[in-house]
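J.: Listed in order, the protein sequences are those of chains S and E. Here the first sequence stands for residues 1 to 517, where the numbers follow this note's numbering. Here the second sequence stands for residues 1 to 337, where the numbers follow this note's numbering. Backbone N, C-alpha and C define an ideal beta-carbon position, used for all residues, glycine too. Let me begin by handing over the structure; questions about it come next.
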Amino acid sequence: MTDAAVHAVNADLRAQTRLSGRQICKSFGSAQVLFDVSIDLKAGEVHALLGENGAGKSTLVKILSGYHQPTSGALLLDDAPVEFHDSEVAESHGVILIHQELNLAEQLTVEENIFLGREIKRGWFLDKTTMRLEAKKLLDQLQCDVDPRTRIRDLSVSDRQMVEIAKALSKKAEILILDEPTAVLTGREVDILFDQIKRLRDQGVAILYISHKLDEIKAIADRVTVLRDGRHITTEPVAGLEKDDMARLMVGRDIKQMFPDRAPGHAGDIALSVRNLSVDGQVRDASFDLRRGEVLGFAGIVGAGRTALMEAIIGLRERSAGTIERNGAPVTIKDLQDAKNCGIAYLTKDRKGSGLLLNMDMRPNLTLLALEKFGRVIIDRKAEEAALEAAIEAFDIRAADRKSKVGDFSGGNQQKLLLAKVMETDPEIVIIDEPTRGIDIGTKSQIYHFIGDLTNRGKSVILLSSEMPEMLGLSDRIAVMAAGRITGILEGNDRNEHEIMRHATGISGKQGVSVHE
Amino acid sequence: MNSLERTEASSSSRFQIDFKALGPFLALVALFVLGAAINDAFLSGGNLANIFTRAAFIGIIAVGATFVITAGGIDLSVGSMAAFISGAMIVVMNTLVATLGAGIETVLIGVLLSVVLGVAAGAVNGLVSTKGKIEAFIVTLGTMGIYRSLVTYMADGGTLSLDFEMRGVYRPVYYGDVLGIPVPVIVFFAVAVAGYVLLNMTPFGRKCFAIGSNEQVARYSAIHVDRVKTLTYVIQGLCVSLATIIYVPRLGSASSSTGVLWELEAIAAVIIGGTMLKGGYGRIWGTVVGAIMLTTIGNILNLTDAISNYLNGAVQGLIIIVAVFLQRGDWRRKKSK
Chain S
1 MTDAAVHAVN
11 ADLRAQTRLS
21 GRQICKSFGS
31 AQVLFDVSID
41 LKAGEVHALL
51 GENGAGKSTL
61 VKILSGYHQP
71 TSGALLLDDA
81 PVEFHDSEVA
91 ESHGVILIHQ
101 ELNLAEQLTV
111 EENIFLGREI
121 KRGWFLDKTT
131 MRLEAKKLLD
141 QLQCDVDPRT
151 RIRDLSVSDR
161 QMVEIAKALS
171 KKAEILILDE
181 PTAVLTGREV
191 DILFDQIKRL
201 RDQGVAILYI
211 SHKLDEIKAI
221 ADRVTVLRDG
231 RHITTEPVAG
241 LEKDDMARLM
251 VGRDIKQMFP
261 DRAPGHAGDI
271 ALSVRNLSVD
281 GQVRDASFDL
291 RRGEVLGFAG
301 IVGAGRTALM
311 EAIIGLRERS
321 AGTIERNGAP
331 VTIKDLQDAK
341 NCGIAYLTKD
351 RKGSGLLLNM
361 DMRPNLTLLA
371 LEKFGRVIID
381 RKAEEAALEA
391 AIEAFDIRAA
401 DRKSKVGDFS
411 GGNQQKLLLA
421 KVMETDPEIV
431 IIDEPTRGID
441 IGTKSQIYHF
451 IGDLTNRGKS
461 VILLSSEMPE
471 MLGLSDRIAV
481 MAAGRITGIL
491 EGNDRNEHEI
501 MRHATGISGK
511 QGVSVHE
Chain E
1 MNSLERTEAS
11 SSSRFQIDFK
21 ALGPFLALVA
31 LFVLGAAIND
41 AFLSGGNLAN
51 IFTRAAFIGI
61 IAVGATFVIT
71 AGGIDLSVGS
81 MAAFISGAMI
91 VVMNTLVATL
101 GAGIETVLIG
111 VLLSVVLGVA
121 AGAVNGLVST
131 KGKIEAFIVT
141 LGTMGIYRSL
151 VTYMADGGTL
161 SLDFEMRGVY
171 RPVYYGDVLG
181 IPVPVIVFFA
191 VAVAGYVLLN
201 MTPFGRKCFA
211 IGSNEQVARY
221 SAIHVDRVKT
231 LTYVIQGLCV
241 SLATIIYVPR
251 LGSASSSTGV
261 LWELEAIAAV
271 IIGGTMLKGG
281 YGRIWGTVVG
291 AIMLTTIGNI
301 LNLTDAISNY
311 LNGAVQGLII
321 IVAVFLQRGD
331 WRRKKSK
């Protein structure tokens with residue numbers, strides 16, 4: 001059936017198949033993760049690969065790009081059998097994978113990274129001038145105004161992504177595989193990336209695009225292959241599919257309700273009140289109230305100061321001015337410990353860098369923030385185990401083995417564990433920064449419902465998100481920030497994409513101030 | 001994404017952790033078998049007591065180093081610190097003999113001084129590196145030079161000797177025994193037990209692991225990172241002070257060459273024991289075994305003519321490298337990578 005679909009599509013498109021996987025199986029030890037998966041990547045086509053966490057997407061693309069060897073099945077390059085013993089062989093054939101976790105040397109500059117291992121030389125010496133010019137040209141193509149001499153560690157995540165793409169371009173990619181490239185990009189950057197993908201496609205590059213975001217797949221992909229539990233479900237032209245269809249194919253069931261119900265007018269007294277808070281160079285004069293039982297969204301483009309504002313509230317960043325009140329009484333929050341004592345908890349957006357100890361198992365991760373609850377002198381391991389048991393149950397954390405390191409978990413399970421960790425402190429106010437970054441749609445919906453449960457129990461949530469549907473679907477009110485200022489707090493019917501964008505770009509609301517990030 | 005693949009990978013790493021946990025013990029047993037085969041005298045009570053007593057110095061210091069390294073730091077100053085503290089103890093005790101006489105009181109004051117200096121020196125290392133935001137390697141490289149030259153200055157370039165009468169009073173701390181077990185071994189054991197409890201069973205120990213794994217995560221978990229890190233250096237200083245209290249009656253002197261290279265021996269003991277040099281994982285019992293191994297190697301070389309005793313350092317070096325290589329665990333799977 002699926003083969004028939006593939007052939008039907010083949011007939012439609014004149015494009016020539018560049019790279020194919022045929023009946024690919026892959027097992028790791030006794031666990032089989034791919035079952036007879038076939039896929040064709042064609043010149044001049046954007047092919048989307050869709051599937052939940054654990055569906056086998058990453059394994060498949062690693063096989064296509066030489067990072068893994070298939071257990072059985074074959075790769076064909078221009079209809080001739082080919083073996084990629086490692087990624088270098090694949091790259092020499094023009095097959096380039098851009099990893100989800102970026103692979104850049106942080107201490108090196110942009111130009112050094114772009115030409116890493118393929119440095120342009122004049123005689124025995126590096127030809128730095130040529131490399132700089134080339135790097136500049138590549139970045140200009142991407143409309144990325146980063147100086148090639150900047151060190152990677154000084155770049156934002158989105159700029160790093162652009163550098164990775166520039167690096168792939170410099171390798172003359174003929175078959176480009178992008179593993180969730182937009183997970184860390186803002187709307188404008190996504191547009192630029194899409195322009196680049198279209199440009200490459202028109203030049204005849206075959207592109208495989210992996211994403212959870214159905215909007216993006218609708219916008220950019222020509223065909224989509226859906227994987228579920230390691231099996232090929234379908235390959236179809238995107239034009240004939242609605243987002244709901246794709247979600248259903250991916251999850252294997254209908255997601256009845258993505259967002260929890262919001263009962264109107266359920267918000268109670270003011271739980272948190274922030275007045276005239278400033279952070280040097282990042283936040284200017286921010287004031288807002290948060291009510292019991294409500295979700296207050298914070299929207300804005302990257303760099304608008306949302307994270308800085310939140311980190312200032314919880315004492316992770318120095319405030320230059322401003323006061324904070326809890327339940328009407330002023331409080332002093334100098335560090336995270338104070339914030340915790342005030343019943344405020346913060347879920348970082350960087351779950352790998354700031355959220356979880358990836359080299360440890362679940363138990364120490366779960367209890368780290370609320371350690372004193374488990375004994376001031378000696379840690380009560382039994383209590384920890386019981387808390388873990390309860391958290392696994394409450395947050396539906398699916399780990400094959402409790403002793404495995406959390407770094408080996410899927411993003412969804414990591415996020416659930418992070419949520420469980422923060423909830424161990426039993427906070428009244430939960431600040432959640434990008435709750436569903438890089439998480440599949442089924443887990444996303446679960447997390448949305450966890451947030452709904454929190455507010456139903458009278459807790460308050462501050463939600464920072466760059467995903468508009470989740471901002472609109474979860475928030476009772478939406479505060480919009482631009483250039484360090486809160487430019488407006490939208491309620492009722494004003495909570496729409498149009499108003500948010502107007503405020504985020506400074507067209508409406510209070511004028512933002514220019515700040516140095 | 002590929003959770004199945006990763007589960008598989010981690011199940012094999014669990015096997016390696018078991019291997020890692022047992023490795024140092026197995027190596028120590030092998031060394032003892034080798035020692036017994038080479039010379040009958042090796043397993044005699046006197047020789048074993050000698051090995052453990054000598055291992056106590058480095059072992060006590062290495063227990064402290066386990067905390068520092070687990071929390072992601074390093075302390076290069078411990079050897080110099082030990083020399084400085086012994087010098088200061090000798091000077092003060094010799095001075096006190098005139099007023100207090102050569103009695104227990106004088107020894108107690110010397111011991112108290114040692115503890116105060118150890119804690120202070122550790123606090124200096126910790127505070128300068130955390131508050132000054134300077135890498136611990138650099139800070140302790142600096143204090144290593146400072147403490148070393150302080151003892152040279154106190155000894156005026158020569159040797160500080162403990163008052164003869166004092167030696168008699170102080171002597172049992174090193175040469176004495178309780179129920180046949182030498183005092184230094186008892187202290188070593190007590191320090192190891194206390195270290196084990198502190199590192200593995202208390203919130204403080206958990207915080208050390210967290211900071212060594214990822215400081216940023218620790219900070220976002222409401223841990224006072226600077227405070228905990230400073231405390232690890234204070235614990236290190238306290239351990240150096242305890243080791244010095246035992247060391248002074250052994251030789252009864254201190255000079256600029258006292259404690260030279262102890263820092264490297266302590267770090268070696270920690271690493272052989274399976275603690276990760278980059279932090280995040282530490283094992284007190286491994287450290288204890290590592291310290292005993294290092295002493296045993298020297299002892300075996302003394303008992304045999306097959307390898308010159310002058311090659312002691314070479315054999316130790318080889319063992320360190322092999323130990324770390326075996327512990328890395330991925331050497332068997334390298335091909336599949």
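Starting from residue 276(S), follow the beta strand (DSSP E) in both directions and report where the run begins and ends.
T.: Its beta strand (DSSP E) spans residues 270–279.
J.: Report buried or exposed for residue 175(E), applying the criterion of at least 16 other Cβ atoms within 10 angstroms of its Cβ.
T.: exposed
J.: In the structure shown, what three-state DSSP assignment does residue 25(S) receive?
T.: strand
J.: Cβ closer than 7 Å: which chain S residues qualify as neighbours of residue 217(E)?
T.: 354, 355, 356 and 357
J.: Tell whether a beta-carbon distance below 8 Å holds between residue 421(S) and residue 369(S).
T.: Against a cut-off of 8 Å, the Cβ pair of residue 369(S) and residue 421(S) comes out as a contact.
J.: Could you pull the start and end residues of the alpha helix (DSSP H) that residue 373(S) belongs to?
T.: Premise fails: residue 373(S) is in no alpha helix (DSSP H) and is neither H nor E.
J.: Between which two residues does the alpha helix (DSSP H) holding residue 409(S) run?
T.: Here residue 409(S) belongs to no alpha helix (DSSP H), and DSSP marks it neither H nor E.
J.: How about residue 406(S): is its C-beta nearer than 8 Å to some C-beta of chain E?
T.: Interface annotation, residue 406(S): not in contact with chain E, CB-CB separation never under 8 Å.
J.: Whole-angstrom Cβ separation of residue 322(S) and residue 275(S), contact assumed at under 8 Å?
T.: 6 Å
J.: Please list the segments of the beta strand (DSSP E) lying wholly inside the segment 173–250 of chain S, counting only runs of 3 or more residues, in order along the chain.
T.: 175–179, 206–210, 223–228 and 231–237
J.: If you measure from the beta carbon of residue 4(E) to each beta carbon in chain S, is any gap under 8 Å?
T.: Residue placement at residue 4(E) is poorly supported in this model, since its pLDDT is 41, which falls under 50; the coordinates still yield a value, given next. Chain S contact via Cβ: present.
J.: Return yes when the C-beta of residue 309(E) is under 7 Å from any heavy atom of the ligand COA, and no when it is not.
T.: As presented, the structure is devoid of all ligands, the ligand COA included, so that no description of it is given.
J.: Any C-beta of chain E within less than 7 Å: which residues of the segment 327–351 of chain S qualify?
T.: 336, 337, 340 and 348
J.: Give me the Cα-Cα distance between residue 106(S) and residue 183(S), rounded to the nearest whole angstrom.
T.: 19 Å
J.: What does DSSP give as the partner residues of residue 449(S) in its beta bridges?
T.: Bridge partners of residue 449(S): none, in fact.
J.: Comparing C-alpha positions only, which one of 483(S), 24(S) and 292(S) sits nearest to residue 452(S)?
T.: 292(S)
J.: Residue 66(S) and residue 90(S) - do their beta-carbons sit closer together than 8 Å?
T.: yes
J.: Between residue 385(E) and residue 181(S), what straight-line distance do the alpha-carbon atoms span, to the nearest angstrom?
T.: Residue coverage of chain E in this structure runs from 1 to 337, which leaves residue 385(E) outside it and unanswerable.
J.: On the criterion of 16 or more Cβ atoms from any shown chain inside 10 Å, does residue 95(E) qualify as buried, or is it exposed?
T.: exposed
J.: Between the Cα of residue 168(S) and the Cα atoms of 125(S), 157(S), 207(S) and 191(S), which residue gives the shortest distance?
T.: 207(S)
J.: Could you give the residue range of the alpha helix (DSSP H) that holds residue 330(S)?
T.: Careful: residue 330(S) lies outside any alpha helix (DSSP H), inside the beta strand (DSSP E) at 329–331.
J.: Going by Cα to Cα distance, which pick from 340(S), 237(S), 98(S) and 79(S) is closest to residue 87(S)?
T.: 98(S)
J.: Pick from 210(E), 239(E) and 240(E): whose alpha carbon is nearest that of residue 226(E)?
T.: Checked all of 210(E), 239(E) and 240(E); the closest Cα to residue 226(E) is 210(E).
J.: Along chain E, which residues have their Cβ under 8 Å away from the Cβ of residue 364(S)?
T.: Listed along chain E, the residues sitting closer than 8 Å to residue 364(S) by beta-carbon distance are 206, 209 and 210.
J.: With distances taken Cα to Cα, identify the nearest neighbour of residue 130(E) among 233(E), 277(E) and 289(E).
T.: Closest by alpha carbon: 233(E).
J.: Examine the Cβ distances between the segment 473–490 of chain S and the segment 293–309 of chain S and report whether three or more of them are shorter than 8 Å.
T.: yes
J.: In or out: residue 207(E) buried (at least 16 other Cβ within 10 Å) or exposed?
T.: buried
J.: Does any residue of chain E bring its CB to less than 8 Å from the CB of residue 3(S)?
T.: Per-residue confidence for residue 3(S) stands at a pLDDT of 48, beneath the threshold of 50, marking its modelled position as unreliable; no derived number is given.
J.: Along the chain, where does the alpha helix (DSSP H) containing residue 220(E) start, and where does it finish?
T.: Here residue 220(E) belongs to no alpha helix (DSSP H), and DSSP marks it neither H nor E.
J.: Take residue 82(S) and list the residues in its own chain whose beta-carbon comes closer than 6 Å to its own, dropping the five residues that flank it on each side.
T.: 75
J.: Contact check, residue 279(S) vs residue 312(S) under 8 Å by CB: the rounded distance?
T.: 5 Å
J.: Is residue 224(S) near residue 358(S), with beta carbons less than 8 Å apart?
T.: no
J.: Which class does residue 72(S) belong to by DSSP, given the choice of helix, strand or coil?
T.: For residue 72(S), the three-state secondary structure derived from DSSP is strand.
J.: Please name the residue in 157(S), 268(S), 27(S) and 471(S) whose C-alpha comes closest to that of residue 459(S).
T.: 268(S)
J.: So is residue 369(S) in contact with chain E if we call contact Cβ pairs under 8 Å?
T.: yes
J.: Could you check whether residue 147(E) and residue 80(E) sit closer than 8 Å to each other, using their CB atoms as the reference points?
T.: Contact: yes.
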